[in-house]
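Encoded as structure tokens, the structure appears first; notes follow it.
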Amino acid sequence: PFWPKSPGAMAGAEGERAEAAGEEAGPTVLSALRAAARKRHEAPALRWLSRCAPGEGAEGGPGLAWESTAWSFAEVWSRAGGAAAKLRQLLADGHSPSRRVGVAVDEGPALPLLELGVLLAGAAVVPLDPCDPTARLAGVLQDAELALAVAKDGAVAEVLVAASAAAVQPGAAGGVVPPRLLLASELVDAQPPAPGAPAAGSCLGRVEWEEEPPASAVSHVFFTSGSTGRPKGCVVTHAALASYCAARNGVYAVAEGAVCLVASAHTFDPSLGDLLATWAAGGCAAYAPRTALLAQLGPLLTASGATHLCCTPSLFATVSGTRHEEPGALPRLRAVALGGEPTPPAMLEAWAGRTASSLRLWNTYGVTECCVYNTARTMRPGDPPGLIGDPLPGNRLLVVAAGGEGDGEEPLPSGLEQVPCGEVGELVIAGAQVGEGYARRPELTARRFVQHPTLGRAYLTGDLAREGEGGLSLLGRRDHQVKIRGHRIELAEVEHWLMAAADRLVRGAAATCLGGRLVALCVPAAGLEAPRPAAALRAALRWLAGREMPAAMRPQRYHLVDALPLTASGKLARGQLEGLLLAGGEDAGADEEAGAGGPPATRMEDIVAEAWAAELALSASSGLQRLADFAELGGHSIVALRICRRLALRLGEAGASAAAADKDDEALGGDLGELAGPLAPHELLRRPRLADYAAHLAAHAPLARQAELLEDLAAPGAQAGTEGASPCAAPQPGGPAAETAEAGEEAGEAPPLGPAAGEEADAAGGADGVALLHRAAAAGAVPLIDFLVARGVPADGHCCMRRLKSATRAQRALRHAGKDGARPPAPLHSAAASGAAASVAALLRLRASATATEAHGVMALHLAAGRGPADSVSALLSASAPLSARDANLQTALHFAARSGNVETLALLLGRWSADAALMAQGARVYGGPLDWRDRWHRTPVHWAALNDHTGALAALLEARASAVPPRVPASKHAKNTTLRHESPLEIAQRRGHRAAVELLLRHGATPTEACAPGGATPTASASSVA
11 PFWPKSPGAM AGAEGERAEA AGEEAGPTVL SALRAAARKR HEAPALRWLS
61 RCAPGEGAEG GPGLAWESTA WSFAEVWSRA GGAAAKLRQL LADGHSPSRR
111 VGVAVDEGPA LPLLELGVLL AGAAVVPLDP CDPTARLAGV LQDAELALAV
161 AKDGAVAEVL VAASAAAVQP GAAGGVVPPR LLLASELVDA QPPAPGAPAA
211 GSCLGRVEWE EEPPASAVSH VFFTSGSTGR PKGCVVTHAA LASYCAARNG
261 VYAVAEGAVC LVASAHTFDP SLGDLLATWA AGGCAAYAPR TALLAQLGPL
311 LTASGATHLC CTPSLFATVS GTRHEEPGAL PRLRAVALGG EPTPPAMLEA
361 WAGRTASSLR LWNTYGVTEC CVYNTARTMR PGDPPGLIGD PLPGNRLLVV
411 AAGGEGDGEE PLPSGLEQVP CGEVGELVIA GAQVGEGYAR RPELTARRFV
461 QHPTLGRAYL TGDLAREGEG GLSLLGRRDH QVKIRGHRIE LAEVEHWLMA
511 AADRLVRGAA ATCLGGRLVA LCVPAAGLEA PRPAAALRAA LRWLAGREMP
561 AAMRPQRYHL VDALPLTASG KLARGQLEGL LLAGGEDAGA DEEAGAGGPP
611 ATRMEDIVAE AWAAELALSA SSGLQRLADF AELGGHSIVA LRICRRLALR
661 LGEAGASAAA ADKDDEALGG DLGELAGPLA PHELLRRPRL ADYAAHLAAH
711 APLARQAELL EDLAAPGAQA GTEGASPCAA PQPGGPAAET AEAGEEAGEA
761 PPLGPAAGEE ADAAGGADGV ALLHRAAAAG AVPLIDFLVA RGVPADGHCC
811 MRRLKSATRA QRALRHAGKD GARPPAPLHS AAASGAAASV AALLRLRASA
861 TATEAHGVMA LHLAAGRGPA DSVSALLSAS APLSARDANL QTALHFAARS
911 GNVETLALLL GRWSADAALM AQGARVYGGP LDWRDRWHRT PVHWAALNDH
961 TGALAALLEA RASAVPPRVP ASKHAKNTTL RHESPLEIAQ RRGHRAAVEL
1011 LLRHGATPTE ACAPGGATPT ASASSVA
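If you read the sequence shown in the numbering used here, its first letter stands for residue 11, the second for the next number, and so on.
Have a look at this one:
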């Protein structure tokens, strides 16, 4: 009545060996480990691989060498035994009745030594991830009920202290006792053995071991995703762990002298299974830095001499396309167990030649609730998808009728009837590896762990399966769990987080998996439905996820919808989510975020876009553009590595030839932190926007393979220096730099706000709340503005509140002195520059300063005067923005309105100006006319209106009594400040051919004057010149 029909269904010697190993299993894996340590006390048991300079390590490659440090079984037992003795003393002091020890050590030789020490002390291992958000880590601490917690270092200890404080807050969880905190260095000596030191074989007998833990004692508790936002702690016993280790060693032929490269993170139970099973067989467990495993798996397999490996197909795919895939490259590698996600058929084809000889690729399936993996089968090219193979010895599998179509929480019938062959049902696991349940979750334990009438205790996996001619096939989930790159994710937890963390931003949320990507569908709150606010909302959700969710659980795409599909009973219709995403075509849905910001503008952006499209499998019509976000398009660390390799080949980095780089990843550099400097994958992960990453690469000239490419990169920047100049970026006058800048001033362009303004503000990919506030302000996303400020983001951003006084030469040269960063614009500037009156009003309501100035003395009033609408100007003036405020170029709001030709704001300003007798008197006294205030180029608002042929603005100024013939200044004074010719408004209009402006000026008293002298010489000052 179960699958397979007999426990010895594995064929041939392989099945016999597995069955024999299962029969020989002791009560705990510690018994086998102790026996192996006595027998092989001088043999290597632990190996740590660290980087060293090329040529210094015997096991390195041409681009990066690896130094191996080994600990014998005797040394491992001695050091772990010492840690166990200390732990037993601490556990016996009565601080907590629990015998569970949290291990917050993610890598290094201390990790396996601590894990063994905890088990030898009769305690249970509970891995902790200090990178988890505090709230999630606090939930783990609540359910784990730890007596002790071991931190890797002081920084990790501070994280655990904060999480412990959150876990014991009133109402968080009753009866939670915070664990006693220790540093790893206080418990275990992880220093390399001294050269020439005698083997510590005799220490085996001196290590105290009061008694072997009973088989029913808990060995470990690993936490997985939970449906209510609360992680689930899977409690497993020594009996289950011993059964798994014995079965694993039998099936994969792990024997004395085997070397297993432990590639799983310490929070994944395969890492503990690999370690203890290898040691129990008398083999050696090899470890390496996590970043190195992600980027240099092939070289590490070579350097460690690994015979066995267990990892996800995504990680093993990083070996493909390198010399390590070729026959003979990894002569010791015998077995690769791939699990956590489907294995691509292309991988099986690529390794077909190797698997036909010595190497075997295994497909593994299992659940954390039943101790690591429960099935295995050898994979071959052409295998049907979904086959999971036969049960490991000690396991029994059964396909039963599914007990409901809802959320998977309904209990199945007590009989657990098996479905006929060929029909779909729920997969049930029984046997020796079934765990005890979930920590502090009795109701959930009762639903998922049931009693089978003939097989005994069984676990309802929630996986849909079908028995066919080829064996047992996995078809998906009956509840809402998915696996992405080996991480088991509860979709309901993602949805719970979305509604809890962003309740004021979204009215509904659902999560699903599409094409291997985690996608969140959200219904925006009122005021966030339009395209620009919606884009800011997506950025906000990414920002929140980065702050509060584990990396594996962060959605890679946020798809905004008008409403979520519902069933007749009002529940979420999950079956329609994928169709909703693909309604516009698969490519359109997958590439939704690719089309922002315009097409690539530089040669480097083109090269980056080509690499992204190739590695992210984007369609040719997807239109990958400048603001495309790497994470939103499905990118992750492994894809980043492949992109960086492709770019290194394209750009000729590190002198690697095309032939060598294509097959030798060592020739391209090291891991996520060392791959050819600027081409390190972490540089891409830090700059997920295409334009930002391309700019980072363009700043490193050696990346150009040819001089032509360097010229392509330099040309856009050179043009930007002349065509894109702004009066607010004015250099010190009187030189070539001033000439080029002032050539741009003729256009009367609005001053730039730098990277913080508008939709392109979020250069860091949404990591900075202030940058996100800028984006929300520019988009008019008022609900998001309120949300961010309520979350502690300052309403004024990083802007300095100190106003610039009248412009000086030093202030005018501020930009070229490289001091812009000291005075970034405020979110109010972004709102005003974008014409978002609602954002202006919202920020002022939240006490943003109306007098904040950016690096060039520009206030939000100046920008609102140029961009409008009048509501923004009125709101700023009501908030005490000074009407006569001048920027570093001495321009007033009247200048900005005249330059842009905004008649609406100009009329409002002129009305306020004319009503202010003091301002009118000051203008008449200093400049010869009440409205004739001059900027640093000695131009009045009338000059700028005439220059840009804004006849409406020019008419408004002249009707308000601005002079059509502003008084000139002495030529010598003019020449000190600018090299622009000293012209009247009429002369400018005539020179630029603005007929309407000329006629208007003539009607208001301007008279034709002699043309300017050749070469731009300044005409002689008239008798009415003002000093």
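Glycine included, every Cβ here is placed at the ideal spot set by N, Cα and C.
- Residue 797: member of the alpha helix (DSSP H) spanning 792-800, first to last residue.
- C-alpha of residue 358 to C-alpha of residue 779: approximately 45 Å in a straight line.
- Spanning the alpha carbons of residue 128 and residue 320 requires a straight line of approximately 24 Å.
- Residue 687 counts as exposed, since fewer than 16 other beta carbons sit within 10 angstroms of its beta carbon.
- Residue 326 and residue 277 do not touch by the CB rule: their CB atoms are close to 20 Å apart, not below 8 Å.
- DSSP places residue 617 in the uninterrupted alpha helix (DSSP H) bounded by 613-625.
- Nearest neighbour of residue 246 by Cα position, chosen from 102, 58, 167, 459, turns out to be 459.
- Proximity to residue 895 across 861, 700, 883 peaks at 861, based on C-alpha coordinates.
- Using a 10 angstroms sphere on the CB of residue 1003, the tally of other CB atoms stays under 16, which defines it as exposed.
- A straight line joining the alpha-carbon of residue 256 with that of residue 795 spans about 58 Å.
- Residue nearest to residue 108 within the set 148, 439, 153 is 153 (criterion: CA-CA distance).
- When beta bridges are read from the DSSP output, residue 318 appears opposite 270, 345.
- In the assembly as shown, residue 479 is an exposed residue. Its beta-carbon has fewer than 16 other beta-carbons within 10 Å.
- Annotation: residue 191 is outside any alpha helix (DSSP H); the continuous beta strand (DSSP E) that includes it extends over 190-193.
- Going by DSSP, residue 372 is part of the beta strand (DSSP E) stretching over 370-375.
- Residue 89 is a Cβ neighbour of residue 198, given a cutoff of 8 Å.
- Leaving aside the five residues that flank residue 916 on each side, the residues in its chain whose CB is nearer than 6 Å to its CB run, in chain order, 907, 963, 966.
- DSSP places residue 174 in the helix class (H, G or I) of the three-state scheme.
- Taking a contact as a CB-CB distance under 8 Å, the pair residue 570 and residue 547 counts as one, their CB atoms being some 7 Å apart.
- In the same chain as residue 1014, and ignoring 5 residues on each side of it, the C-beta atoms closer than 6 Å to its own belong to 968, 974, in chain order.
- Residue environment for residue 303: buried (at least 16 other C-beta atoms within 10 angstroms of its C-beta).
- With three or more CB-CB distances shorter than 8 Å, the region 394-409 counts as touching the region 424-435.
- Cβ-Cβ separation between residue 636 and residue 658: approximately 22 Å, too far for a contact (criterion under 8 Å).
- Linking residue 1011 to residue 897 through their CA atoms gives a straight-line distance of about 27 Å.
- The residue among 849, 792, 856 with its C-alpha nearest the C-alpha of residue 802 is 856.
- In this structure, DSSP gives residue 1001 a helical state, which the three-state scheme calls helix.
- Just measuring C-alpha positions, the residue of 77, 159, 504 sitting nearest residue 106 is 159.
- Counting C-beta atoms within 10 angstroms of its own C-beta, residue 294 has 16 or more neighbours from the protein chains shown and is therefore classed as buried.
- Cβ contact annotation for residue 609 (same chain, cutoff 6 Å, sequence separation greater than five): 635, in chain order.
- For residue 125, the enclosing alpha helix (DSSP H) covers residues 120-130.
- Residue 808 and residue 835 have their C-alpha atoms some 7 Å from each other.
- The straight-line gap separating the alpha-carbon atoms of residue 283 and residue 368 is approximately 24 Å.
- The region 838-852 makes contact with the region 878-886; the number of CB pairs closer than 8 Å reaches 3 or more.
- Residue 995 and residue 864 have their alpha carbons spaced roughly 30 Å apart.
- In terms of CA proximity to residue 899, 988 leads the group 982, 875, 988.
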